[in-house]
Amino acid sequence: MVLTGAEIVIRCLQEEKVEYVFGYPGGSVLFIYDELFKQDKVRHVLVRHEQGAVHAADGYARSTEKVGVALVTSGPGVTNAVTGIATAYMDSIPMVIISGQVPTAYIGQDAFQEVDTVGITRPCVKHNFLVKDIRELASTIKKAFYLAKSGRPGPVLVDIPKDVSAMKCEFAYPKAVSMRSYNPVIKGHQGQIKKAVQLLLEAKRPMIYTGGGVILSDAAEKLTKLVRQLGFPVTNTLMGLGGYPATDRHFVGMLGMHGTYEANMAMQHCDVLLAVGARFDDRVIGNPANFAEVPRKIIHIDIDPSSISKRVKVDVPIVGDLPEVLDDISKLLAAGGDRPEEKAVKAWWKQIDEWRGKDCLKYDRKSKIIKPQYVIEKLYEVTKGEAFVTSDVGQHQMWAAQYYKFDKPRRWMNSGGLGTMGFGLPAAMGVQLAHPGAPVACVTGEGSIQMCIQELSTCKQYRLPVKIILLNNGFLGMVRQWQQLFHGNRYAESYVDALPDFVRLSESYGHVGMRVEKPGDVEGALKEAFKRKDDLVFLDFAIDPTENVYPMVQGGKGLTEMILSEEL
Amino acid sequence: MRHVISLLIENEAGALSRVTGLFSARAYNIESLTVAPTEDISMSRITIVSVGSDDIIEQITKQLNKLIEVIKVVDISEAAHIERELMLVKVRATGKDREEMKRMSEIFRGRIIDVTETTYVIELTGNTAKLDSFIEALDRSLILETVRTGVCGIGRGDRILKV
Chain A
1436 MVLTGAEIVI RCLQEEKVEY VFGYPGGSVL FIYDELFKQD KVRHVLVRHE
1486 QGAVHAADGY ARSTEKVGVA LVTSGPGVTN AVTGIATAYM DSIPMVIISG
1536 QVPTAYIGQD AFQEVDTVGI TRPCVKHNFL VKDIRELAST IKKAFYLAKS
1586 GRPGPVLVDI PKDVSAMKCE FAYPKAVSMR SYNPVIKGHQ GQIKKAVQLL
1636 LEAKRPMIYT GGGVILSDAA EKLTKLVRQL GFPVTNTLMG LGGYPATDRH
1686 FVGMLGMHGT YEANMAMQHC DVLLAVGARF DDRVIGNPAN FAEVPRKIIH
1736 IDIDPSSISK RVKVDVPIVG DLPEVLDDIS KLLAAGGDRP EEKAVKAWWK
1786 QIDEWRGKDC LKYDRKSKII KPQYVIEKLY EVTKGEAFVT SDVGQHQMWA
1836 AQYYKFDKPR RWMNSGGLGT MGFGLPAAMG VQLAHPGAPV ACVTGEGSIQ
1886 MCIQELSTCK QYRLPVKIIL LNNGFLGMVR QWQQLFHGNR YAESYVDALP
1936 DFVRLSESYG HVGMRVEKPG DVEGALKEAF KRKDDLVFLD FAIDPTENVY
1986 PMVQGGKGLT EMILSEEL
Chain B
-15 MRHVISLLIE NEAGALSRVT GLFSARAYNI ESLTVAPTED ISMSRITIVS
35 VGSDDIIEQI TKQLNKLIEV IKVVDISEAA HIERELMLVK VRATGKDREE
85 MKRMSEIFRG RIIDVTETTY VIELTGNTAK LDSFIEALDR SLILETVRTG
135 VCGIGRGDRI LKV
């Protein structure tokens, strides 16, 4: 049948079973919006800023196994979306962004709202397309979804000039995609897998280190099975939290710059390291030279060959899809019947438990001022560990990661790679739409929340009962912490004067706001907030402005050079 | 170490900028880059000369492979291979220099492809070192203009880069 370009776009989204499109209309996408209007299969969520649209699609994707979709207009619509796209790219989030472009005849003429979208987004997308020929529109959108989701996932942008969305063409949605230049490896190399198993069996001080790849590839179940089979300690990166149940005794906590003492010590001192869907980045292993000082054998499983041996030399690289490879390892272990070095591993656990005994996340529980750690612990208790938690970037993000015990994957959504302030609230909208009725908490700071606060209006329009947990210390806390520790207590521009009254602010958007100033009121306020199932509740916690995140590994230092809390 | 990386890429608009963008974004070196369609015009072949440690070259090839439009990547300098570059040199050719230029061109097996009363254009093919030494051998004041294509390369014998 013959359809217009705009009709084709909508039909493609329907074929891909897209539930929600997050977007903002404008001149170049008017035909597409017109077609959205005429149907009700694909629902559109009108945000208040394009950055919010992309973060919302991102949150939707992170909390489900689906591709997030955003729709923006040309020019400023696209440039506003770039932060969101780069955020998704750094964390490998499957997403399709459809952007309007000025008519093909105007491209390159500095037309109104023209920007070189493909050029601007090139370094922060997995791939992008400019569709100049309507006959390629359907197949391009099909490719975009396929690329976004397969291999190492990522955002894919499709730029559609206005005249293309108005032209007509015969429509047929391709059933499958085949690209000679793109064939991600799924099955791991069997010889390498054998070598890995051998190393794991010989390990005296083994360690399993897993990242966001486990979440993205839905490998948590297979990972849990393998860890239990081996009986080895396991740590998750910030992106990997929930990949292994945090309440299990094999879990030694998050590692890295603000990782636990036991996780960082075990990471540094292990003799065999199994890295699963993680990329040894600077916030995780600290200085690579320092990390390499201790001899250890490293097995690295990842779907992206370029992640392997990028920052750290690896002994046994395995390229493949994590569930497949983990399953192969499990099966090979079971079939061989050999057991890991029991005595040595027992002694290793003894050492780890000794490190664990340091209780590095200890904080002052008798404080008269609200401690942020306490708020997160209570949040965990009140939500029984079942909430979907999004966060912004800074101290509150680290406290949420340290004190909320994620037992399940896709429950923790944060901007780990790019570190985007303003991510939390719009991401929570996407999560809430994907999981109606489920408890969704956005843990944030007074700096971050103001970077996308306009989305409170979107939350009202779509009745999204997100609970905002604002840890308000009146400072850009993480900046202040660095300034205190490394810049001689000079708090350059990290104090935020003239904060709004967040209670009245949320009320003016039509929500419920509560200010909490005493530790004794924390639990009650949280309970009250989560009881209000249909309301967005904005909880403004006045927390201790002097509190720091510990442990801490200073940038460029080795993993074991941790600064610990004064409480220890 | 100097490496010659050859790749096949879909012959599509913007494909080249993905390659060059990758090099600048990740701070890799490009000494030269040549590109043209192959016998199958749906594909282009790019030859990049880059300098870097083994680790960096490994990352370069992996990152190039990761680009969606890149079909195949080979470091042809890992084994026996041939490199060629084409250079056109416009020189002043007057008086006694006229005969001297012709002689130099013959020694280097160049060809004079344009002649005026005062200038020659000499075409020279060879590896980078040969072209460099030709330039060295000329009196600098007589060189009016040079243009080089950059290196293209191919593996010897059975080493074939094809889809």
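Going line by line, the protein sequences match chains A and B.
So in the working numbering the end of the first sequence lands on 2003, straight run, no missing numbers.
So in the working numbering the end of the second sequence lands on 147, straight run, no missing numbers.
Idealized CB from N, CA, C, for every residue including glycine.
Values in this document were obtained by computation on a predicted structure and should not be read as measured data.
Query                                                                                                                           : Result
Contacts of A:TYR1617 in chain B (Cβ-Cβ under 8 Å)                                                                              : ILE52
Assigned secondary structure, B:PHE118 (DSSP; H/G/I helix, E/B strand, else coil)                                               : helix
Pairwise C-alpha distance: B:SER125 and B:ASN(-5)                                                                               : 41 Å
Neighbour flag for A:PRO1861 against chain D, beta carbons, 9 Å                                                                 : As a matter of chain content, chain D is missing from the structure shown, whose protein chains are A and B.
Cβ-based burial, B:ILE32 [other Cβ within 10 Å; buried from 16]                                                                 : buried
Reduced DSSP secondary structure (H/G/I, E/B, other) of B:TYR30                                                                 : At residue 30 of chain B the sequence reads Ile, which differs from the Tyr that was named. It is a strand residue.
Which of helix, strand or coil DSSP assigns to B:HIS(-13)                                                                       : strand
For A:PRO1680, the nearest candidate out of A:THR1575, A:VAL1931, A:ARG1846 and A:SER1883 (CA to CA)                            : A:ARG1846
CB contact flag (A:VAL1444, A:GLU1470, <9 Å)                                                                                    : yes
Where A:ALA1516 falls, given that 16 or more other Cβ within 10 Å makes a residue buried                                        : buried
Sequence-distant residues of its chain with Cβ nearer than 8 Å to A:LYS1968 (five each side left out)                           : GLY1872 and PRO1900
Terminal residues of the beta strand (DSSP E) in which A:MET1642 lies                                                           : 1641 to 1645
Rounded separation between A:ASP1737 and A:ILE1753 - CA only                                                                    : 7 Å
Buried or exposed by the 16-neighbour rule on C-beta atoms within 10 Å, applied to A:ILE1671                                    : For the record, residue 1671 of chain A in the displayed sequence is Asn; it is not Ile. It is buried - the Cβ of A:ASN1671 has at least 16 other Cβ atoms within 10 Å.
C-beta atoms of A:LEU1911 and A:TYR1930 nearer than 9 Å                                                                         : yes
Reduced DSSP category for B:THR78 - H, G, I as helix; E, B as strand; rest coil                                                 : coil
Nonlocal neighbours in the same chain, by C-beta distance under 6 Å from A:PRO1596, ignoring five residues either side          : GLN1536, PRO1538 and THR1539
Beta-carbon gap between B:ALA64 and B:ARG132 smaller than 9 Å                                                                   : no
Closer than 8 Å at the beta carbon, the chain A residues around B:LYS86                                                         : Those within 8 Å of B:LYS86 in chain A number zero; the least Cβ separation is about 47 Å.
Interfacial residues, the segment 7 to 22 of chain B to chain A, with Cβ spacing under 8 Å                                      : ALA9
C-beta atoms of A:VAL1951 and A:ASP1932 nearer than 9 Å                                                                         : no
Length of the line joining the Cα atoms of A:GLY1959 and A:ASP1827                                                              : 24 Å
The ligand GDP heavy atom lying under 8 Å from the CB of A:ARG1939                                                              : What this structure holds is no ligand at all, so the ligand GDP is not there to describe.
CB contact check: B:SER1 to chain A, cutoff 9 Å                                                                                 : yes
Contact the segment 1610 to 1618 of chain A vs the segment 1741 to 1756 of chain A: 3+ CB pairs below 8 Å                       : no
Short CB-CB distance (under 9 Å) between B:ASN49 and chain A                                                                    : yes
Whether A:LYS1793 touches A:LEU1994 by CB criterion (9 Å)                                                                       : no
Cross-chain neighbours of B:GLY5 in chain A, by beta carbon under 9 Å                                                           : GLY1554, ARG1557 and PRO1558
Interface residues of chain A facing B:GLU120 [CB-CB closer than 9 Å]                                                           : Per Cβ cutoff of 9 Å: no residues; B:GLU120 is ~40 Å from chain A at best.
Closer than 8 Å at the beta carbon, the chain B residues around A:PRO1730                                                       : Ordered by position in chain B, no residue passes the 8 Å Cβ test against A:PRO1730, which lies about 18 Å from the chain.
Contact list for A:HIS1562 against chain B, beta-carbon separation under 7 Å                                                    : ILE52
One or two residues paired with B:TYR104 in a DSSP bridge                                                                       : B:VAL75 and B:VAL99
Bridge partners - A:SER2060, DSSP secondary structure assignment                                                                : No information on residue 2060 of chain A is available, as it lies outside the stretch 1436 to 2003 that chain A covers here.
CB contact flag (B:LYS50, A:PRO1740, <9 Å)                                                                                      : yes
Beta-carbon contacts of A:GLN1598 that lie in its chain and below 6 Å, excluding the five residues immediately before and after : Here residue 1598 of chain A is Asp; the residue named in the question, Gln, does not match the sequence. The answer, listed in chain order, is PRO1538 and THR1539.
Own chain residues within Cβ distance below 7 Å of A:GLY1510, not counting five before or after                                 : GLN1548, GLU1549 and VAL1550
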